[in-house]
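Visitor: Pasting a structure below so you can have a look.
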Amino acid sequence: MLTDIFDAGPLITACKFESQGKIVIDHLLSGCCIAIAPRVEEEVAVLGAGYPDGVAAGERIAQGAIQVVPVVARKWAQHLADYALGDGEKDSIELCGQVEGVKALVTDDYLAFVVATRLGVKAWMLPDLVLELTERGSLAVEAAQAILKVIRPRYRVGVIEHSLVRLQEVRKDAESGGAGRGGDPASG
Amino acid sequence: MLKVVVPVEEEILRAAERRKAAGAGEDIAQFLAELVSLGYEHRLQQLHRQFEAGEISLGYFASELGLGLRDLYATLELRGLPTSNIGAKPSIAGG
Numbered sequence: 001m002l003t004d005i006f007d008a009g010p011l012i013t014a015c016k017f018e019s020q021g022k023i024v025i026d027h028l029l030s031g032c033c034i035a036i037a038p039r040v041e042e043e044v045a046v047l048g049a050g051y052p053d054g055v056a057a058g059e060r061i062a063q064g065a066i067q068v069v070p071v072v073a074r075k076w077a078q079h080l081a082d083y084a085l086g087d088g089e090k091d092s093i094e095l096c097g098q099v100e101g102v103k104a105l106v107t108d109d110y111l112a113f114v115v116a117t118r119l120g121v122k123a124w125m126l127p128d129l130v131l132e133l134t135e136r137g138s139l140a141v142e143a144a145q146a147i148l149k150v151i152r153p154r155y156r157v158g159v160i161e162h163s164l165v166r167l168q169e170v171r172k173d174a175e176s177g178g179a180g181r182g183g184d185p186a187s188g
Numbered sequence: 189m190l191k192v193v194v195p196v197e198e199e200i201l202r203a204a205e206r207r208k209a210a211g212a213g214e215d216i217a218q219f220l221a222e223l224v225s226l227g228y229e230h231r232l233q234q235l236h237r238q239f240e241a242g243e244i245s246l247g248y249f250a251s252e253l254g255l256g257l258r259d260l261y262a263t264l265e266l267r268g269l270p271t272s273n274i275g276a277k278p279s280i281a282g283g
């Protein structure tokens, strides 16, 4: 199963929004392993414990559904030093270079996305992970569509629209059993 | 509201006193409290512009403002602003 490193922003979004009777993170956890840095746990589940999504994240961490992985090696400390990134974002990027079998960094932040990409780390936005899981058959197209629509308020114009077009391509691809990708980062 | 002692530039204090003397303003402390609130709002908007431009991350934004990341997420959400800065700016797209 895929392991994805979540930055704080998408983790909050995934724990906050509900679709088809369960929160988005539970849809995702059925198709991938999610790991986070301790700093992200602190930002979302400890300092965010006053919010229902912070409680939801904390519960899933306590159950072991979301893994908290300490950052033991900072091989990119110098590379990251002069970027205006927060500690959570830096640690999430470092984890990608540390944990075996990481598929991608999931971040909705432009700077973290660009920096991770420059370091050779595959970066996805949360909607990209939804698409990836759909392509792999871990998430039904209808469920993916419902998730993309419910998280839309957290994104700028273009992002969800792009993902919905890609989702239709995934649906057609699955129906025809052929190729036909649209150049989305999730297709890599 | 909490009360704290803070140093104030003489020029600002004189302005507050002149406003009060001219009957243009309210209590000096209230005027100064309003300036602090305006300064905080200005800082938030300044950092938000940098975030929107992709110069700083959400985590850095929160840290510079002195908020937890989850509280900043809530602040942006309350204002109807996206918490992601990838994609077209809402103002450009009319969204």
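Chains as they are written, first to last, in the numbering used here: chain U, 1 to 188; chain S, 189 to 283.
Cβ coordinates follow ideal geometry from the N, Cα and C atoms, glycine included.
Just so you know, these numbers come straight off a predicted model, no measurement behind them.
Hey, does S/Gln233 have any beta-carbon neighbour from chain U nearer than 9 angstroms?
Guide: On the second sequence, residue 233 of chain S is found 45 positions in, with the first residue counted as 1. No, no contact with chain U.
Visitor: Could you say which of U/Glu42, U/Ala81, U/Thr134 lies nearest to U/Leu126 if we only look at CA atoms?
Guide: Counting from 1 along the first sequence, the entry for residue 126 of chain U is found at position 126. Of the candidates U/Glu42, U/Ala81, U/Thr134, the one whose C-alpha sits nearest the C-alpha of U/Leu126 is U/Thr134.
Visitor: Could you tell me whether any Cβ in chain S is nearer than 9 angstroms to the Cβ of U/Arg74?
Guide: Indexing the first sequence from 1 puts residue 74 of chain U at position 74. It does not: the Cβ of U/Arg74 has no partner Cβ on chain S nearer than 9 angstroms.
Visitor: Tell me which same chain residues have a C-beta within less than 7 angstroms of the C-beta of U/Val68, skipping the five on either side of it?
Guide: Along the first sequence, one-based indexing puts residue 68 of chain U at 68. So the qualifying residues of the chain are Ile36, Pro38, Glu41, Ile61.
Visitor: Using DSSP with H/G/I as helix, E/B as strand and the rest coil, what is U/Phe6?
Guide: As a first step, residue 6 of chain U is located in the first sequence; it is residue number 6 there, counting from the start. Here U/Phe6 sits in strand by DSSP.
Visitor: Compare the C-beta of S/Thr271 against all C-beta atoms of chain U and say whether one is closer than 9 angstroms.
Guide: Working through the second sequence from its first residue, we reach residue 271 of chain S at position 83. Yes, S/Thr271 lies at the interface with chain U (some Cβ there is under 9 angstroms from its Cβ).
Visitor: Would you mind sorting U/Leu105 into buried or exposed? The rule is 16 or more other CB atoms within 10 Å of its CB.
Guide: Reading the first sequence from its first residue, position 105 is the one you call residue 105 of chain U. Looking at its Cβ environment, which holds 16 or more other Cβ atoms inside 10 Å, U/Leu105 is buried.
Visitor: Distance cutoff 9 angstroms, beta carbons only. Does U/Ala62 sit that close to anything in chain S?
Guide: Against the first sequence, residue 62 of chain U aligns to sequence position 62. With 9 angstroms as the cut-off, U/Ala62 does not count as an interface residue toward chain S.
Visitor: State yes or no: is the C-beta of U/Val55 within less than 9 angstroms of the C-beta of U/Gln98?
Guide: Within the first sequence, the letter at position 55 stands for residue 55 of chain U. Within the first sequence, the letter at position 98 stands for residue 98 of chain U. Not closer than 9 angstroms, so no.
Visitor: When you compare the stretch 12–31 of chain U with the stretch 144–163 of chain U, are there three or more beta-carbon pairs, one atom per stretch, that lie closer than 8 angstroms?
Guide: yes
Visitor: What distance in whole Å lies between the Cβ atoms of U/Ile5 and U/Val102, which are believed to be in contact at a cut-off of 8 angstroms?
Guide: In the first sequence, residue 102 of chain U corresponds to position 102, counting from 1. In the first sequence, residue 5 of chain U corresponds to position 5, counting from 1. Right, their Cβ atoms sit about 6 angstroms apart.
Visitor: State the Cα-Cα distance for the pair S/Pro195 and S/Leu220, rounded to the nearest angstrom.
Guide: Within the second sequence, the letter at position 7 stands for residue 195 of chain S. Within the second sequence, the letter at position 32 stands for residue 220 of chain S. Cα to Cα, the separation comes out at about 11 angstroms.
Visitor: Can you grab the Cα-Cα spacing for the pair U/Asp53 / U/Val44, in whole Å?
Guide: Residue mapping note: residue 53 of chain U aligns to position 53 of the first sequence, counting from 1. Residue mapping note: residue 44 of chain U aligns to position 44 of the first sequence, counting from 1. Looking at the two C-alpha atoms, the distance is approximately 8 angstroms.
Visitor: Report yes if the C-beta distance between S/Ser245 and U/Asp109 is below 9 angstroms; otherwise report no.
Guide: Position 57 of the second sequence, counted from the first residue, corresponds to residue 245 of chain S. Position 109 of the first sequence, counted from the first residue, corresponds to residue 109 of chain U. Yes. Within cutoff.
Visitor: Have a look at S/Ala209, S/Arg258, S/Ile274 and flag the residue whose alpha-carbon is nearest the alpha-carbon of U/Ile12.
Guide: For the purposes of this step, residue 12 of chain U is taken as the residue at position 12 of the first sequence. Per the Cα distances, S/Arg258.
Visitor: Would the beta-carbon of U/Leu119 fall within 9 angstroms of that of U/His79?
Guide: As a working note, residue 119 of chain U is residue 119 in the first sequence. As a working note, residue 79 of chain U is residue 79 in the first sequence. Result yes, Cβ atoms of U/Leu119 and U/His79 sit closer than 9 angstroms.
Visitor: Any beta carbon from chain S within less than 9 angstroms of U/Leu85's own beta carbon?
Guide: If you number the first sequence from 1, residue 85 of chain U lands on position 85. With 9 angstroms as the cut-off, U/Leu85 counts as an interface residue toward chain S.
Visitor: Ordered along the chain, which non-local residues of its own chain (more than five positions away) have a Cβ less than 8 angstroms from that of S/Asp215?
Guide: Here residue 215 of chain S corresponds to residue number 27 of the second sequence, with the count starting at 1. So the list reads Lys208, once near-sequence residues are dropped.
Visitor: Could you say which of U/Ala73, U/Glu175, U/Asp87, U/Leu95 lies nearest to U/Gly137 if we only look at CA atoms?
Guide: In the first sequence, counting from the first residue as 1, residue 137 of chain U sits at position 137. Nearest C-alpha to U/Gly137 among U/Ala73, U/Glu175, U/Asp87, U/Leu95: U/Glu175.
Visitor: Using 9 angstroms as the threshold, is the C-beta distance between U/Glu89 and U/Ala8 below it?
Guide: The sequence position of residue 89 of chain U within the first sequence is 89, counting from 1. The sequence position of residue 8 of chain U within the first sequence is 8, counting from 1. Closer than 9 angstroms, so yes.
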